[in-house]
Amino acid sequence: MVRPISVSSSSSPSSSALFSSSVSYENSTSTKESTTISSSTTTASTISWSSSSSLSSSSSDNKDSGMMGDTTETKDPMDTTTTSTTSSSSSSSSLGSSTSYTTATTTTTPVTTKFDHISIVLNTNARGVTEDLVQTAQQLSRDYDAATTISTTTTLDNQTMTIPNIQVHVTTTLQEAQQAVQQILNIAATQSTLVVPVGGDGTLTTLMDQLWQQQQQRQQQQQQTQKQQSTISFPVSFAYIPMGTGNALGSVVACQAQQSKTGRRRKRRFLQRLLRPKQTKRDLFRQTLQQLFEQVLILNNDDNNNNSNVNSVNHGCIDVVELPLMQVRTVRSKNSNDDEDDEEEEENDSVHYTFFAGVGFDSLMLQDYKDIQEWTEQKSKQKQQQHRNNIDNSKTNSKNGGGININIYKFLKDTILGGVSGYTIALFTKTLPQCLQRQAHLMQVQVTTQTPQTTHWIDHRRGDLMRPVCYNTNTNQGGTVDNNDNNHDTNNNNIDSSASPPLLLYRGQAGIVAAGTAPFYGGGLRLFPFARMTPYGMHLRIGRIHPLRGTLNIPAIFAGSYRDKRPSEFGCLDFVGTDFSVQLLHPSEGYPVQHSGESVGTCTHLHLSMNKKDTPPPIQFVTLLPPRLIVEEGEEVDDDHATEVKGR
């Protein structure tokens, strides 16, 4: 329920001053308000984007309307798009000199800046999501709902505040996740919703996958009923709190509390992480939620938002980042004994949406890491059962010994074998020996693209020069391609990839074939440094170097600075585009495949695509990092250029 609250402050109202104010809640109804504003990103081309904001103009008197189980099927009104391109320039004379101000052509994306509802989704399967975190989220939600005072960080000109509802979902099984998704979509149909996933990369992408697929079904049914076609929109924004193992997306779009920069506080936090890791994680989680709640309150009640951008001058501590998803279609091999019926074919073909995926050395290492984790978990359970049996048998010397063994395995699983250190152990103890002894990482692959006009090869020998792949018609350097551009969209919007014949990019041995729309792979590994070189494409990397060379260059690979500049070796082939097809010629039974940092079985064919009619628009992430600096503190912007600066 949205409740107005009165604000009392000893200081005069000021939109830029920081203060702590005391507010009191009143039990009354209020009309929810939501506005959309535009954040600008300079691009070379225009991107189609669907507006994700939804408004509710009716008052609400049901306080628990968003709780688990209390759902109502409602019409989803989100079927419009708003995309515009703006440019402006101005000049002025200051201190006798003439200064020119210009703004580049930008793609303007609608961004919801007021949220009526916040849904927190905690996946208990994630490594960092413990019972303490679940209790912390539930307690903060209760405290927030029943609080009589709240501390804000900015003076408010108005005397009332719009308070969003908060709902906590705790999921363990896929069925529970699907139920949470249904309830989120029911609420998002009438209220502007911010979803806060808490977990790893798999938690985030699985939640988005479920939201998008169910949203597609709902709007397709709505279109059939209304007999009209419209763009399917993504109805929510996200504030991702990473609590997984690799946390690849956390390096790009994480919503994390901003800490003090003083040296004493940094040393104190380091000691706390070393001596009390679980307590420190819980405290950081609590601070993140508290700061997020406060910033949402500020956004909801800042009148300046009506005429300014999220990335405007000195606008709070929230920044909105957009990140596109890619569609991953995997085809698994069928045994000779399998029936050739349609149902079996559908079971061998699966479609998911994610930010990174691949086959080869990375998926093999993930499978080894998973095996080590399962082995440690099994040993821990065996020791725990042995400990219980010893207690039942009243053996006096067994209790302490069993306890020590259990603690050792738990310590290994939670610390040394978790996170980056766990991947490192899996790499040197299992993956690397397999690759050196049996060449287990090598695959015979064929990589093609159906969008050659928008696909580029990164030439490391020439300073990472982007070169169109359709320049070369020689079969050794790109195959042949039909240069008919009738089906080519220069803005790369909803390209029908089936209209063009496939262009051969590479055929031969490879140790890894992976792609991503985010630069990071996990644990700080910047495997896709060219992922955001274009606003619409993904980075496909084909690794051909020997595992030993890769091991010796781990620091450069982690930093994303490794380049194979040898004239004719081509140990690392990098492509940027919107459509890639990877066929595994050998081994014939397929190879382990991963997406979102999770091993998901084997496949013989991997198809990666973006910007199709059935792929979601770029995902909006709300973060607590401040927007980029435009005007230095203490500098003033005159009225003639204030609007222009805000538009940047």
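Numbering (numbering that gives the first Met the number 0), first residue to last: 0 to 647.
Note that beta-carbon positions come from the ideal geometry of N, C-alpha and C, so glycine has one too.
These numbers were taken from a predicted model, which means no experiment stands behind them.
- By alpha-carbon distance to G596, the top candidate from G245, Y590, I186 is G245.
- In the DSSP assignment, T550 falls within the unbroken alpha helix (DSSP H) covering 546 to 551.
- For the 8 Å CB-CB criterion, A238 and T205 do not form a contact.
- Inter-residue distance for R540 and A530 is about 10 Å (C-alpha atoms, whole angstroms).
- Secondary structure note for A125: it is in no beta strand (DSSP E), with a DSSP letter that is neither H nor E.
- Per DSSP, the unbroken alpha helix (DSSP H) holding D200 starts and ends at 200 to 225.
- Contact annotation: V468 and W456 have beta-carbon atoms nearer than 8 Å.
- Scanning its chain for C-beta atoms nearer than 6 Å, with the 5 sequence neighbours on each side dropped, one finds around T202 the residues N122, A125, P196, in chain order.
- Contact between G359 and G462 does not hold, since the beta-carbon distance rounds to 27 Å and is not under 8 Å.
- Rounded to whole angstroms, the Cβ separation of I424 and L435 is 17 Å, and the two are not in contact under 8 Å.
- Assigned with DSSP and collapsed to three states, D348 falls in strand.
- Residue range 173 to 187 is occupied by the alpha helix (DSSP H) that includes L173.
- Counting along the chain, L435 sits inside the alpha helix (DSSP H) bounded by residues 431 to 437.
- In the displayed model, C469 falls within a helix according to three-state DSSP.
- Distance from the CA atom of Q137 to the CA atom of L288, rounded to whole angstroms, is 11 Å.
- Within the DSSP secondary-structure output, W456 pairs in a beta bridge with R466, F574.
- In this structure, S118 lies near Q166, with their beta-carbon atoms less than 8 Å apart.
- With a beta-carbon spacing of about 5 Å, Y352 and L324 fall inside the 8 Å limit used to define contacts.
- Restricting attention to F292, T577, L173, H585, the CA atom closest to the CA of D144 is found in F292.
- Assignment of V630 by DSSP, reduced to helix, strand and coil, places it in the coil class.
- For the 8 Å CB-CB criterion, A256 and Q294 do not form a contact.
- DSSP places S250 in the uninterrupted alpha helix (DSSP H) bounded by 249 to 252.
- Under the criterion of beta carbons closer than 8 Å, G576 and L583 do not qualify as touching, at roughly 20 Å.
- Per DSSP, the beta bridge partners of N164 are H116.
- The beta-carbon distance between S362 and S598, rounded to whole angstroms, is 6 Å. This is short enough to meet the 8 Å contact definition.
- Rounded to whole angstroms, the gap between the alpha carbons of Y561 and P518 is 14 Å.
- Per the coordinates, the alpha-carbon of Q433 lies some 53 Å from the alpha-carbon of Q190.
- Counting C-beta atoms within 10 angstroms of its own C-beta, R525 has 16 or more neighbours from the protein chains shown and is therefore classed as buried.
- Around the beta carbon of W374, fewer than 16 other beta carbons sit within 10 angstroms, so the residue counts as exposed.
- In the three-state scheme derived from DSSP, where H, G and I count as helix and E and B as strand, Y520 is classed as coil.
- Beta bridge pairing from DSSP links Y535 with no other residue.
- Beta-bridge analysis with DSSP links Y505 to V446.
- Of the residues R328, G127, L504, the one whose Cα lies closest to the Cα of P241 is G127.
- Note that the C-beta distance between D578 and T448 is below 8 Å.
- For the options I553, L431, N389, I183, the alpha carbon positioned closest to that of D367 is the one of L431.
- When secondary structure is reduced to three states using DSSP, Y143 falls in the helix class.
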